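See structure below.
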Ligand SMILES: CC(C)(COP(=O)(O)OP(=O)(O)OC[C@H]1O[C@@H](n2cnc3c(N)ncnc32)[C@H](O)[C@@H]1OP(=O)(O)O)[C@@H](O)C(=O)NCCC(=O)NCCS
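In the numbering used here, the protein residues as written are 184 to 376.
This is the structure we're talking about:
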């Protein structure tokens, strides 16, 4: 892990390693709230379905890859401490790591995941979007990956989604596309060498 905890004035989110700070019940509840708010899936047939959805896109990264997760925290250490957003990811090639076998699109683009093995998921609370916090989380993660000599990072998002422009500005380019669950998703990659 890199030790790049940033000192920020009150109100401005600090980018902190997930494992390097207190993870209070409030922070964890805010993390879940941001995840479900940002997700396209808002209703679930059962609590089990909701838990499985959380496990797919958030839980397993926090359980298995906590050393690669970052939080953006406003007023860190103050009573008004607020979670602005988070980034979770992993560094193993997901086309090879069996724990990602449930997402078949990794194997469909395995020639790309081999070159860009790290993956990320970043989400912000609505009130913090459009203020550069997402970019700061992505840069902290990429810096962390470079310290670990990871050659590249990728993510998947929906074709035509607004966030594609955010990733392009952060140095990502399209490297492939697949149809998944009836819609086209694009693979965006960033070289870290
Ligand atoms: C996408 C996201 C992480 C970007 O972080 P950010 O701090 O808001 O982005 P920045 O301020 O650094 O850059 C702004 C750009 O982000 C994108 N963006 C901003 N708000 C967004 C939103 N609600 N949804 C999607 N993209 C958004 C836009 O491309 C924007 O550029 P624009 O001002 O020209 O429209 C953040 O907006 C977010 O969490 N959005 C909702 C969930 C999401 O789409 N997560 C990514 C899943 S792959």
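Every residue gets a Cβ at the ideal spot worked out from N, C-alpha and C, and that includes glycine.
Computed from a predicted structure; not experimentally measured.
| Check | Outcome |
| --- | --- |
| Hey, could you find the ends of the beta strand (DSSP E) residue 305 is sitting in? | 301 to 307 |
| Within 8 Å, do at least three Cβ pairs link the segment 249 to 267 to the segment 311 to 328? | yes |
| If we count the other Cβ atoms within 10 Å of its Cβ and call it buried at 16 or more, is residue 272 buried or exposed? | buried |
| Given that a residue counts as buried once 16 or more other Cβ atoms are within 10 Å of its Cβ, and exposed if not, what is residue 220? | exposed |
| With 16 as the cutoff for other CB atoms within 10 Å, does residue 351 come out buried or exposed? | exposed |
| Going by C-alpha distance, which of 369, 304 and 322 is nearest residue 360? | 369 |
| Which partner residues of residue 363 appear in the DSSP bridge assignment? | 366 |
| Closer than 8 Å, CB to CB, is residue 307 near chain C or not? | The structure shown has no chain C; it contains just one protein chain. |
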